[in-house]
Amino acid sequence: MSLPEFHSIGKALPRKEDYRLLTGHGCYIDDLEVPGALHACFVRSPHAHARILAFDVKLALAMPGVVAVVTGEDLAQWTTRARMAPPIEGLQPMEMDTLPIDKVRFQGDPVACVIATDRYLAEDAMEQVRVDYEPLPAVTDMWQALDPTAPCVDETLSSNLVSHQHAVHGDPKGRQRDAHRVVERTFAMHRQTHLPIETRGCIAIWDEGRSHLTFHVGTQVPHPYRTTLAGRLRLSESQVTVISQDVGGGFGQKIVLYREELTVAAMARHLKRPIRWREDRLENLLSSSQAREDFCRTRAAVDAQGRLLSLELEILEDFGAYSFYPGNYLARVVAMILTGPYKVQDYSYDVRVVLSNKVGNGPMRAPMAITSWLMEGTLDAVARELELDPLEVRRINMLHAHELPYRMATGEVLADITPRETLEAAVAAIGYQAFRTRQQEARARGVYLGLGICTVVESTTYGSQFYKAAGIAGSGHEAAWLRIEPTGVVNASVGLGATGQGYETSLAHAVAEGLGVSTDRVRIYLGHTDIAPYGMGSRGARGGTAGGGTLYLCAQEAQDKVLSIAGKLLGIAELNALRLRDSRVEQMIDGAWVATTVSLADVARIAYLDPTHLPDGVSPGLEFHKTYDPPPMTYSNSTHVCEIEVDAATGAIHFGRYVVAEDCGTVLSPVVVEGQQHGAIAMGLSGTLFEHVVYDETGQNLSGSLADYLLATADDLPHIEILSMHTPNRATPGGIKGMAEGGVMGAIGALTNAVSDALSCLGVEVNRQPLTPMYLRGLIRQAAHSSTKTAS
Amino acid sequence: MKPAAFAYLRPDSFEAALRQLSEIDGQAKVIAGGQSLGPMLNMRLATPSAIIDLNDLVELALIRDRGDAIEVGAMTRHFQIAESSLIQASCPLLAQAARTIGHYSIRQRGTLGGSLANADPVAQLSLVAVTLQATIEVVSQRGRRDVPATEFFLSAMTTALQPDELIRSVSFPKFEDGEGSSFQLFNRRRGDYAIVAVAATVALAQDRVTGLRLGISGVGPVPVSLASLVMPFVGRGPNIDWIAELARSVRTAVVPQDEAQIPALYRQELAQTLTAKSLLRALERTRA
Amino acid sequence: MSAMDQQMITLTVNGENREVSVAPRKLLVDVLREDCRLTGTHVGCEHGVCGACTVQVDGRPLRACLTYAIQMEGHEVLTIESVAANGKLSPLQQALHEEHGLQCGFCTPGIVMTFEAFLRQNPAPTEDEVREALSGNLCRCTGYQNIVKAILKAATQIRLDSGYVAS
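Here's what the structure looks like:
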């Protein structure tokens, strides 16, 4: 498959966003000046699980600057409850108050809101709010949650098992009976959080005269957010405008309407005064969405060559206390795409999701992050048990190009992917055989080198048909508008919500390509529901295909109209012989494109100011609108190879080379894509090494500051070498695929596999994260003990 | 995450600072670099009625040669210690340790006196002061006294300072000619507080150890000097076995607490590893 | 009037003297943002870890979340708004733009203010020195690689512009 020829898509231009952000002139939530705005601040539960017996807010109300103190009962008058009840088999419906009324469910659960004239005074008053609690036993791990005698996190549910799905494809158990070996492994991934450097925050401005709420918030999904916000305030969508300007990172944390935000909106309306809230970092770590925390088991039946005969997967996930998303939302995708680039049709999965007294989970960049580690870690285990080369085990099981499109056991169809190409490119670049030699030599010196391979098939885009098939409510379509202004400059918009990805740049490439102008003529407007069309926003690596694809199609329609007008001006009826390029109409003459006298500005002038010159049947103006529902899924693929050394004395990991070969199809902006690759890999490595939300057995969060929740710094990460490949997706506009989450998946798998590879000579392997030096040192110590015992 | 209200005092001299400190009587907090106190105030873990700011007392930011010791003023910033050619030449361990504190920006602001008075169990400069048996000059309106660093740290975050006392300076004994040193720490990320840190100095004559100082932190509530432990190792030839034996005895000697995330055994192993590393490096520097 | 109440102070910010009324407890970063309306300095953690609020005081980087504005009387505070005051990006800003050294941009002003100072002190840093210095600024988007690349590029450019000769 060759790449179509583009004139704008794929050009490496620096970003349009940068100037304002580099000079301190960005506009994040807290930068907006709103005269007279009051400040909100939340009283939070010190208990993981407790009944709320009584509030005493008298002292707080008497404090200087305090305007109001409200609790869940107050808010229940002004807002509706949230209900999460999509018709999914095995999923228990859940409801949630705006602020909890009867009981709190995690440490940090907001129970009251103080509104004061400034944040300092609001915090003074917050300390004076008295809440009487009756502490209850807490559920703090997933096995405890499953115990029938465990406390109930949500008493309206029959158990803490909020979601359970199970499927059997083929006869995996039967294949186990015929197998040479059944290799079983467990994989534990710890709880993490998104940690955008800009925390959450919002400003609510109620216009009493117009009965209208303007709500500033950093969100990935402006329109769906507005629909929810309006509904819960019992307002119509016409009464709410959501505005999201510069956003300091989202990574999945800024999708849902949070209870604090709804409270601020309700209070602004109730008090008829603007109110602002900026979450501080302690609140962010204590009560913003968290993610991951899975315990998985795979069982691979293999023949003597390591060929997969069948695979079984069990997932148990700790979902936290509240259902901000359906309980099956995260883990089920792992089960659906687990087998990735490997051939196996006899496959079963069992996915159980439980509630606990922790922050409610949500999607975090690569909600299916554990997938590739599960699959590739299983193959490594097969190789170790059968004493085969792990690279050969991958080769023997991997799909060939001629087997595509390939229908996975779960029904998902893989097409236009190149896992063999990325695998071979990455291992060649790293020098796989030479590494094995070095590894042997190093072991002789007591130095533990390891190499990890992880091939990723990354599910991206998520069209409406996927949601339907997966039993998840929602649509995967996107919407765009484009307007060529009378002078020929171009404004355009989609329903995505930017959180730092560089959409103003990458989407300008899509528009410039489809229309035939240069990117500097294009300006992209995002994040304002009065301006942007109703699209589904940013999540699931859909920005490129859904956002860029819709704009590209919209821009192509715009070009068609421009050319039809130009055709009349030039007296040319054969419109196929015309094209727009760099804002100039060109004509095909003797096989070559030649500039004509007509420019886009000429056409625009007529369309707006002299419409009587338009061709028959062509309407005035140059405004376009398009909606587009992408394919159920587009798949990108990559192979990550990571070299490390484990310091046997301390358990510390030192990076050697890190190579990734990635094929994410047509790339709108290679600059933006490279940035996404770096960022995703960094997030995967940081999570695998350091980041850990820790709750103790009573449900106290022990990772409540950045001195405890450790993010990788510039000093901790390797230099990443990227090999880029571009196999277009044949079902999408321009061949675009999604990307930006696979890096997380690959990094987790490659690093963890590398550590197991390094320690394999000691007879130990890692089966949980994070890979702390204490954990690795413990494994090495244990290996030394058992070898001493064996020897004696 | 905003501090509770406090009054602000900026004394124009060290004497004025002492006077204010005694007048406010225990409810005031002294702010030096503020790199540890700032977070405590912002989280309202500390709620003093007043803050006495020493940052503009330039007379407390000095590094001078006192003959047999280097005197370093309490308000000397970490970067000044790390970059001082006098310290690098006469008390290199101090400069080596200062370079490992926090991050670049933190070192621009954090101070020697602030660090010692804060008494974090694994603070670098506390460990150096204890290892080198530095003398801490402590002053109040009642007078001045010299406190040996080994008696200064009473417990985690607790020192021998009385509520009305301030550190004016710290005197670090100068190194012998050719004496080598090394500061080794282990942490999860560079810039984090150490899990365990070891400071070592070695002096040699005719390839025999004539001087040996060793200190360790991260194995108890305060940094400790291992002066008596190292005594039998003085006078011997410092070969690989000597290093290994000494490192093993350090491991055996320390009794850290077990914690959920960090088992005591792990700290003991680090004590051994870092001791060996610091001795090796100090010896290299001796011979260089 | 209590000593905890608002008082008038004079701050020198970006070369300009400003009279502001502040409570002693008000963080420098809040006074810069709210009272001086210089919102380029960002609040990321308020406990001195993330580095987003880094400004320069008397030419050296400082966490504006660990400093109270009242402490700054008599000192020169520089914020991100001073760096390209004439509309032209500094070599460091330009390199960050060319090398895609920023994504969401929230940590960027702190990084610029840290390294404008760092490169003055160390005009020819190694990659390791840059990474060590950068470890005090957290970034969630970029993985740091392009920031490091940009800082090294800026260092080269600054050396060329100033006729720097290695000592």
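Protein chains in written order, with our numbering: chain A, 167 to 958; chain B, 27 to 314; chain C, 372 to 538. Note that beta-carbon positions come from the ideal geometry of N, C-alpha and C, so glycine has one too.
Same chain, Cβ closer than 8 Å to residue i, neighbours up to 5 away in sequence not counted
i, result
"F477 (chain C)", "H413, G415 and A423"
"Q842 (chain A)", "Q667, M905, A906 and G909"
Cβ-based burial, residue i [other Cβ within 10 Å; buried from 16]
i, result
"Q358 (chain A)", "buried"
"W759 (chain A)", "exposed"
"R296 (chain A)", "exposed"
"R36 (chain B)", "buried"
"R447 (chain A)", "buried"
"P529 (chain A)", "buried"
"F110 (chain B)", "Correcting the residue type first, residue 110 (chain B) is Ser in the shown sequence and not Phe. Buried: at least 16 other Cβ atoms inside 10 Å."
"I132 (chain B)", "buried"
"A178 (chain A)", "exposed"
Rounded C-alpha distance that separates residue i from residue j
i, j, result
"S291 (chain B)", "S304 (chain B)", "According to the sequence provided, residue 291 (chain B) is Leu. The question's Ser does not apply to it. If you take the alpha carbons of L291 (chain B) and S304 (chain B), they lie about 20 Å apart."
"C407 (chain C)", "A435 (chain C)", "14 Å"
"S802 (chain A)", "T626 (chain A)", "7 Å"
"L482 (chain A)", "D313 (chain A)", "13 Å"
"A229 (chain B)", "L240 (chain B)", "12 Å"
"V677 (chain A)", "A431 (chain A)", "36 Å"
"E607 (chain A)", "T513 (chain C)", "36 Å"
"G99 (chain B)", "T497 (chain C)", "32 Å"
"T312 (chain B)", "R234 (chain B)", "12 Å"
"V165 (chain B)", "Q188 (chain B)", "10 Å"
"V148 (chain B)", "L475 (chain A)", "54 Å"
"S630 (chain A)", "L565 (chain A)", "27 Å"
"A712 (chain A)", "D412 (chain A)", "21 Å"
"A957 (chain A)", "G929 (chain A)", "Only weak support is given to the placement of A957 (chain A): the predicted model assigns it a pLDDT of 49, under 50, and the question is left unresolved by the model."
"S453 (chain A)", "N494 (chain A)", "21 Å"
"E295 (chain B)", "T816 (chain A)", "8 Å"
"D172 (chain B)", "C117 (chain B)", "20 Å"
"M372 (chain C)", "R396 (chain C)", "Residue placement at M372 (chain C) is flagged as unreliable, the pLDDT there being 44, under the threshold of 50; the coordinate-derived value follows with that caveat. Computed Cα separation, rounded: 16 Å."
"L399 (chain A)", "G701 (chain A)", "21 Å"
Own chain, CB closer than 6 Å to residue i, minus 5 neighbours either side, in chain order
i, result
"Q310 (chain A)", "A316"
"I522 (chain C)", "F486 and V501"
"Q122 (chain B)", "F209"
"T301 (chain B)", "V224, A273 and V276"
"R404 (chain C)", "T410"
"A532 (chain A)", "E907, V910 and M911"
"V579 (chain A)", "P571 and R573"
"E670 (chain A)", "K182, E183 and I690"
When the options are compared against residue i, the one with the closest alpha-carbon
i, options, result
"K420 (chain A)", "A:F490, A:A432, A:Q405 and A:R458", "A:F490"
"V277 (chain A)", "A:Y861, A:I409, A:R425 and A:G336", "A:R425"
"R550 (chain A)", "A:H694, A:E350, A:L735 and A:A707", "A:E350"
"L80 (chain B)", "B:L192, B:V256 and B:H104", "B:L192"
"D94 (chain B)", "B:P199, B:D190, B:D203 and B:L138", "B:P199"
"G217 (chain B)", "B:I78, B:R170, B:I127 and B:R171", "B:I127"
"R270 (chain A)", "A:P259, A:D874, A:Y774 and A:G238", "The sequence as given places Val at residue 270 (chain A); Arg does not occur at that position. Minimum Cα distance to V270 (chain A) is reached at A:G238."
"Q53 (chain B)", "B:A33, B:M183, B:V84 and B:K28", "B:A33"
"E857 (chain A)", "A:H356, A:P894 and A:H779", "A:H356"
"R366 (chain A)", "A:G274, A:K727, A:G415 and A:Q948", "A:G415"
Proximity test, residue i beta-carbon vs the ligand GTP heavy atom, cut-off 6 Å
i, result
"A535 (chain A)", "Inclusion of the ligand GTP in the displayed structure is not the case, the ligand content being empty and no account of it being possible."
7 Å Cβ shell around residue i - same chain, five flanking residues per side excluded
i, result
"A72 (chain B)", "K55, L63 and M66"
When the Cβ atoms of the segment 221–230 of chain B are set against those of the segment 862–880 of chain A, are three or more pairs found closer than 8 Å?
no
So does the segment 649–669 of chain A actually touch the segment 689–701 of chain A, counting three or more Cβ pairs closer than 8 Å?
yes
Touch test, the segment 888–904 of chain A against the segment 435–454 of chain C, Cβ-Cβ under 8 Å, three pairs minimum:
The answer is no - the segment 435–454 of chain C does not touch the segment 888–904 of chain A, with fewer than three Cβ pairs under 8 Å.
Would you check if the segment 244–254 of chain A and the segment 290–304 of chain A touch, i.e. whether three or more CB-CB distances between them fall below 8 Å?
no
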